[in-house]
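I have placed the structure first, in the form of structure tokens, so that the comments after it can refer back to it.
Structure follows, in structure tokens:
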């Protein structure tokens, strides 16, 4: 597990990729709109863990020119996932693996149609990070990740040897890693944060700190988190209720933060409404759970996304 | 029932007051910020039923200078209701009555502490009307009203003689009138429109037509209306479910309309969040009904109102 290909050199892929470069791994970045800038200037990381610049990195604008790698990291916006089938086969070694470093739900299934299902892993990034310019990433806080192996069957695969190996690579890059025996549950847990903060920050045109300071919204955030938990339970992915309080405390401790969905909205890019809201709602519904608050937030975001893209 | 005092010469009080003037009634308008303009220029009504101007009207800037009238119409924003106790006693005849021409719930109870409870009536205006300048009102559509008598006891008072007399006065002013035997139920029915459209138009920064054209929001509007009905039922104020479809059709037939709450928000005035959302939620809760979608909308509006007023 020595070479990495990063599909999407943004706030997440750029940051973790840069940390892997700094740890001595062989990393190859695929970029689109920022390609020329990164080719000339490399990557600049302003991080609370220490700023650094990588003046020259291996950057590409087409997958055809990239070397085949041991690990492919998918860190695109999920709204562009339709291009993955044309990219991954070009850049993955025969025994390579795919790490899906995206928010929401439903894409491991898609990627398991492109590569062998047992080579797909999900990575959840608990990180406050924004791309503030081409090849320029501001890491505000946190950074630990959870990794779990995708299971095409009903049962989670537990903590496999391969999972441990991936964890080791990130640990070498100074990233704190949790290995998750059950990726589905891990994805539901991540939604406890993503659903209320991404959704409400767009609908109410605000940042996480102001949501938390307002008595009404603070209570609403908590209710929405409880609804995520009830969806998870319906899907057999329940977790301890104390995790909700933990996420509230975690958010309280953050600097004022603009969520990724709010940034997409402000920059008139499509929002990840389907992967963060639509798919979890469908999955929960199929398991018999209606989630009224999240459904309402979904409708509100669909309206705003359509208006914004019109 | 010959003389009328209008407290609040805006989109609603100005319009119905002007129609009463035109029908030959003796009408006295109390105005605040628009007083000087109306004193010099009168009222201009642009209406789909016919434009007209009243060059000179009886307008006052303090209740002390107004004559005592048979009927006091309260058409202030509910956010200013705290001033009513200092106004009404100056301008109402001994055997006078009060018509509360406001949106939401909870104010007949307040006014019944200022005057005798049996002299209080509620008026629901099904009208699209905007104040587009001082003394300048644009009546876009509809205009019929429902009137019911306030009951301080558990039972509605039915259609009393006094109610009929009020209805007759408005009929003479060419206003279509429905007499409501049960004011509480009538107020819940009016909320079927006010809650979804006022709330969502502010949160989603839009107009009624665009909400109705969007598949997701159209469905959401309907779900919120159904929640209003379930609140009404819990309070013993149920009505036929077909009323919901009627309100959808009614809104479809409207011209693109900016709700009063959206206008208040855009003009950085306090919104009627408590009377339209807070009080009905409390009343429903006391009757054992939790209304999750309306509660969420309430939290969102409280956040936006506080941000807007900061």
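Protein chains in written order, with our numbering: chain W, 7 to 316; chain V, 7 to 316. Just so it is clear, CB atoms sit at the ideal spot from N, CA and C, and this is done for glycine as well.
C-beta contact flag for residue i and residue j at 7 Å
i, j, result
"residue 103 (chain V)", "residue 69 (chain V)", "no"
"residue 40 (chain W)", "residue 140 (chain W)", "yes"
"residue 293 (chain V)", "residue 223 (chain V)", "no"
"residue 178 (chain V)", "residue 24 (chain V)", "no"
"residue 129 (chain V)", "residue 111 (chain V)", "no"
"residue 127 (chain V)", "residue 155 (chain V)", "yes"
"residue 143 (chain W)", "residue 51 (chain W)", "yes"
"residue 85 (chain W)", "residue 298 (chain W)", "no"
"residue 36 (chain W)", "residue 48 (chain W)", "no"
"residue 64 (chain V)", "residue 34 (chain V)", "yes"
"residue 185 (chain V)", "residue 169 (chain V)", "yes"
"residue 113 (chain W)", "residue 87 (chain W)", "yes"
"residue 135 (chain V)", "residue 17 (chain V)", "yes"
"residue 194 (chain W)", "residue 122 (chain W)", "no"
"residue 279 (chain V)", "residue 311 (chain V)", "yes"
"residue 13 (chain W)", "residue 82 (chain W)", "yes"
"residue 166 (chain V)", "residue 243 (chain V)", "no"
"residue 77 (chain W)", "residue 94 (chain W)", "no"
"residue 261 (chain V)", "residue 213 (chain V)", "no"
"residue 265 (chain W)", "residue 207 (chain W)", "yes"
"residue 209 (chain W)", "residue 209 (chain V)", "yes"
"residue 231 (chain V)", "residue 187 (chain V)", "no"
"residue 200 (chain W)", "residue 314 (chain W)", "no"
"residue 10 (chain W)", "residue 21 (chain W)", "no"
"residue 254 (chain W)", "residue 198 (chain W)", "no"
"residue 7 (chain V)", "residue 171 (chain V)", "yes"
"residue 182 (chain W)", "residue 150 (chain W)", "yes"
"residue 307 (chain W)", "residue 305 (chain V)", "no"
"residue 272 (chain W)", "residue 218 (chain W)", "no"
"residue 54 (chain W)", "residue 74 (chain W)", "no"
"residue 204 (chain V)", "residue 267 (chain V)", "yes"
"residue 309 (chain W)", "residue 211 (chain V)", "no"
Extent of the continuous alpha helix (DSSP H) run through residue i
i, result
"residue 96 (chain W)", "90-97"
"residue 272 (chain W)", "266-272"
"residue 172 (chain V)", "167-178"
"residue 223 (chain V)", "221-240"
"residue 10 (chain W)", "Looking at the DSSP string, residue 10 (chain W) is not in any alpha helix (DSSP H); the run it does join, the beta strand (DSSP E), is 9-13."
"residue 249 (chain W)", "248-259"
"residue 121 (chain V)", "That residue, residue 121 (chain V), is in no alpha helix (DSSP H); it is neither H nor E in DSSP."
"residue 333 (chain W)", "Here chain W has residues from 7 to 316 only, and residue 333 (chain W) is not among them."
"residue 297 (chain W)", "Taken as a continuous stretch (DSSP letters only), residue 297 (chain W) belongs to no alpha helix (DSSP H), as it is neither H nor E."
"residue 163 (chain V)", "Where residue 163 (chain V) is concerned, there is no enclosing alpha helix (DSSP H), given that its DSSP letter is neither H nor E."
"residue 285 (chain W)", "285-292"
Beta-ladder partner(s) of residue i, from DSSP
i, result
"residue 126 (chain W)", "W:104"
"residue 184 (chain W)", "W:152"
"residue 144 (chain W)", "W:52, W:136"
"residue 32 (chain V)", "V:9"
"residue 131 (chain W)", "W:151"
Residue range of the unbroken beta strand (DSSP E) whose run includes residue i
i, result
"residue 59 (chain W)", "58-60"
"residue 64 (chain V)", "64-66"
"residue 75 (chain W)", "75-80"
"residue 209 (chain V)", "Note, residue 209 (chain V): premise wrong, no beta strand (DSSP E); alpha helix (DSSP H) at 189-209."
"residue 21 (chain V)", "Taken as a continuous stretch (DSSP letters only), residue 21 (chain V) belongs to no beta strand (DSSP E), being part of the alpha helix (DSSP H) at 19-28."
Exercise for review: Taking a Cβ distance cut-off of 7 Å, strictly less, list which residues of the segment 290-311 of chain V are near chain W, in chain order.
Suggested key: 298, 299, 302, 305, 306, 308, 309, 310
**Study point:** Selection of the segment 194-217 of chain V by Cβ proximity to chain W, strictly under 9 Å
**Key:** 206, 209, 210, 211, 212, 216, 217
Review point. According to a CB-to-CB cut-off of less than 9 Å, which residues of the segment 99-128 of chain W neighbour chain V?
Key: So nothing in the stretch comes that close.
Point to revise | Near-chain W residues of the segment 234-262 of chain V (beta-carbon distance less than 9 Å), N- to C-terminal order | key: Taken residue by residue, none of the segment 234-262 of chain V has a beta-carbon sitting less than 9 Å from a beta-carbon on chain W.
Check your understanding: What residues from the segment 270-290 of chain W come within 7 Å of chain V, judged by C-beta to C-beta, listed N to C?
Key -> none
Check your understanding: Which residues, in order along the segment 141-158 of chain V, keep a beta-carbon less than 8 Å from a beta-carbon of chain W?
Key -> none
Check your understanding: Using Cβ-Cβ distances below 9 Å, what residues of the segment 72-84 of chain V are close to chain W?
Key -> none
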